[in-house]
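Heads up, the thing below is written out as structure tokens.
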Amino acid sequence: MKMYETTQSVEKYLNVPLECDCGRTHYAPIKAVDIRSGAINDLPGYVKEYGYCYPYILCDKITYELAGRKCEELLKAAGLRCHVLIIKHLGFDEATLGEIVINKPDNCDLMIGCGTGSITDMLRYASFKLGLPCFTIPTAAPMDGFSASVGIMNVNNLKATMPAHSTEVIIGDTDILSGAPFRMTLAGFADLIGKLNALSDWHLAALINGDHYCASIDKLISDYVHDILSKTGSLKKRDPETIGDVLNALLLAGATISLYGSSRPISGAEHHFSHYLEVVGDQRGKPYAMHGEQVAVGTVIALSVAEALAGEQIDFEAARSAARAYDPETWRSEIRRAYGSAAEAIIELEEASGKNETSARLRRIDTMQAHWDEIQQMLAGVYSSRKLHELLKDLGCPADPVDLGVTPEVLKDALLYCKETRARYTVFQLAWDLGVLDRISDRIVAQLAEQGRV
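Throughout the sequence shown, residue numbering follows the numbering used here, covering 21 to 474 in sequence.
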């Protein structure tokens, strides 16, 4: 089937191969998405329809009360066996995986996750490792991972992207979702808004780094994000239908990982900023904030960097000199300082990807110089950092580093080194390639400090 020319509802993109002009076949192996009032009551029907008879339910003590208990009651009332695990080890790392595996019934044939980000990630990764299909019951809408085909878990003190199953069925009961803390819904909204910067980074990566690009996927994500932007008034009123729309858009964003084949279209510098804060927060034993809240601040910061670059007079010969002067050993020393116990994993990533390697950097600088007018237009046309900041503040969502408890020192390190969490080209890598990231970072930190925003 041909990829749609106009944006469709989420269901149109699921479980159907879509041939695209970009040269790829887009496919998301999700069988059903059900988002409405009372949707959870249809769980037994979906279990039976797809031929399963013994689900293994994962939740924590909070999400068990929100949805896990109801799932258990519904399945037993329908004559189905089920086994519930209330996860005790909430590090969402190798030990959590071990708890899930140890408690798995030998003859279960389906895994069901009740919860949000971390439980969903562990569900999809564990089901992948165990060779079992999975369903998802979101209890809030704080992020886009419900429909993703990768999972995030803590490995060797660092957030790692792991291969995972796509969930077969997602049941979003708006009665449950609308009862979640509004903070979680705002985090999901913020995760969506971050796609504006992620798409811009994708454009830059295609032009400067030669990354593959798909206009259809770009338009699909952009249309869903701008639709949600048009509904901020009803979102602020906590309208259940709009909260359902937020979840729908998040599911579409997550499904894009399967549709496109990677998270490139939906994750850029704003996510790298969040990943860095997660590393630092984990090491101090106190997370800064929810993922989506960190993405919100990261998006404002990334847009500020883009705006600074758009107005920068670039000395390309100085950029080439900076590239030639790059000292990997000095870089490793700074990474060990900035990343602590996670540093060796970051260094290994760079050794494998070589994204900072001088000859490749020089080639990128040549491309930038040849296309600088076009690049400046891209950078200037993303979305206003001031406008986004005002919107987030009006909704009550974190918008500044100070809202997360981030100090000027941590902010400066995040600006300089968060790009190292992934081998992916973003606006931060662009500024570093040109030798101006340090100067722009100092300017942004100073401005935010003067305004009391950090």
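Backbone N, C-alpha and C define an ideal beta-carbon position, used for all residues, glycine too. All values reported here derive from a predicted model rather than from experimental measurement.
Contiguous alpha helix (DSSP H) assignments of at least 4 residues, all confined to the stretch 128-156: Within the stretch 128-156, the complete alpha helix (DSSP H) runs of at least 4 residues are 137-150.
Lys1, DSSP secondary structure in three states: Not covered by the structure: residue 1. The range shown for the chain is 21 to 474.
Segment contact flag, the stretch 346-364 with the stretch 427-444, C-beta cutoff 8 Å, min 3 pairs: Judged by Cβ distances under 8 Å, the stretch 346-364 makes contact with the stretch 427-444, as three or more pairs qualify.
Cut-off 6 Å between Cβ atoms - residues of its own chain near Ala207, not counting five sequence neighbours on either side: Counted from its first residue, the sequence shown places residue 207 at position 187. The residues are Pro162, Met310, Gly312, Glu313.
Alpha-carbon spacing of Glu290 relative to Val320, whole angstroms: Translated into positions along the sequence shown, residue 290 becomes position 270. Translated into positions along the sequence shown, residue 320 becomes position 300. Distance between the alpha carbons of Glu290 and Val320 is about 8 Å.
Alpha helix (DSSP H) runs contained entirely in the stretch 343-394, provided each spans 4 or more residues: 348-359, 363-373, 378-390
Backbone CA spacing between Ile190 and Val53 [nearest angstrom]: Within the sequence shown, the letter at position 170 stands for residue 190. Within the sequence shown, the letter at position 33 stands for residue 53. Whole-angstrom Cα-Cα distance: 5 Å.
6 Å Cβ shell around Leu34 - same chain, five flanking residues per side excluded: Residue numbering aside, residue 34 sits at position 14 when the sequence shown is read from its first letter. Excluding sequence neighbours, Leu34 sits near Ala48, Ile50.
Buried versus exposed call for Gln449 [16 or more other C-beta atoms within 10 Å across all chains shown]: Your numbering for residue 449 matches position 429 in the sequence shown. Buried is the call here.
Bridge partner(s) assigned by DSSP for Pro183: As a first step, residue 183 is located in the sequence shown; it is residue number 163 there, counting from the start. Answer by DSSP bridge pairing, in chain order: Val170.
Close Cβ partners of Val266 (< 8 Å) along its chain, the five nearest in sequence each way excluded: Here the question's residue 266 lines up with position 246 in the sequence shown. Closer than 8 Å at Cβ, skipping near neighbours: Ala161, Thr205, Gly208, Phe209, Leu212, Ile248, Leu255.
Short Cβ contact (7 Å threshold) for Gly88 with Cys79: By one-based count along the sequence shown, residue 88 stands at place 68. By one-based count along the sequence shown, residue 79 stands at place 59. Closer than 7 Å, so yes.
Nearest-angstrom Cβ-Cβ length linking Val402 and Leu224, presumed shorter than 8 Å: The count along the sequence shown starts at 1 and reaches residue 402 at position 382. The count along the sequence shown starts at 1 and reaches residue 224 at position 204. Incorrect: roughly 10 Å between the Cβ atoms, too far for contact.
Secondary structure of Glu188, DSSP reduced to three states: Start at 1 with the first residue of the sequence shown, and residue 188 comes out as number 168. DSSP places Glu188 in coil when its eight states are reduced to three.
Contacting residues, own chain, Cβ-Cβ under 8 Å from Val121 (five flanking each side not counted): Working through the sequence shown from its first residue, we reach residue 121 at position 101. Its chain contains Ala146, Lys149, Leu150 as the residues whose beta carbon lies nearer than 8 Å to that of Val121, once the 5 sequence neighbours on both sides are disregarded; these appear in chain order.
Burial state of Ala362 (16 or more Cβ within 10 Å): Mapped onto the sequence shown, residue 362 falls at position 342. In summary, Ala362 is buried, with 16 or more beta-carbon neighbours lying within 10 Å of its beta-carbon over all protein chains present.
Separation of Asp126 from Leu424, as counted between CA atoms: Residue numbering aside, residue 424 sits at position 404 when the sequence shown is read from its first letter. Residue numbering aside, residue 126 sits at position 106 when the sequence shown is read from its first letter. Approximately 43 Å between the Cα atoms of the pair.
Limits of the beta strand (DSSP E) - the one that Ala501 falls within: One cannot answer for residue 501 here, as it falls past the ends of the chain, which runs 21 to 474.
Runs of alpha helix (DSSP H) lying entirely within the stretch 198-257, each at least 4 residues, in chain order: 202-229, 235-249, 252-256
Neighbourhood of Met182 by C-beta distance below 7 Å, restricted to the same chain and skipping five residues each side: Taking the first residue of the sequence shown as 1, we reach residue 182 at position 162. Tyr145, Val170, Gly171, Met173.
Pairwise C-alpha distance: Ala269 and Thr45: Here residue 45 refers to the residue found at position 25 of the sequence shown. Here residue 269 refers to the residue found at position 249 of the sequence shown. For Thr45 and Ala269, the distance between alpha carbons rounds to 21 Å.
The stretch 406-414 touching the stretch 269-284, judged by at least three CB pairs closer than 8 Å: With the cut-off at 8 Å, the stretch 406-414 and the stretch 269-284 do not touch.
C-alpha distance - His109 paired with Ser282, whole-angstrom precision: Counted from its first residue, the sequence shown places residue 109 at position 89. Counted from its first residue, the sequence shown places residue 282 at position 262. Going by the C-alpha atoms only, they are around 29 Å apart.
Residue from Phe155, Gly214, His185 with nearest C-alpha to Gly192: As a working mapping, residue 192 is identified with position 172 in the sequence shown. Of the listed residues, the one whose Cα sits closest to Gly192 is Phe155.
Residues near Ser287 in its chain [Cβ-Cβ closer than 6 Å; skip 5 each side]: Here residue 287 refers to the residue found at position 267 of the sequence shown. Once the five neighbours on either side are set aside, the close Cβ partners of Ser287 are Ala218.
Nearest-angstrom Cα separation, counted from Pro64 out to Leu152: Within the sequence shown, numbered from 1, the residue matching residue 152 stands at position 132. Within the sequence shown, numbered from 1, the residue matching residue 64 stands at position 44. Each residue's Cα considered, the two are about 18 Å apart.
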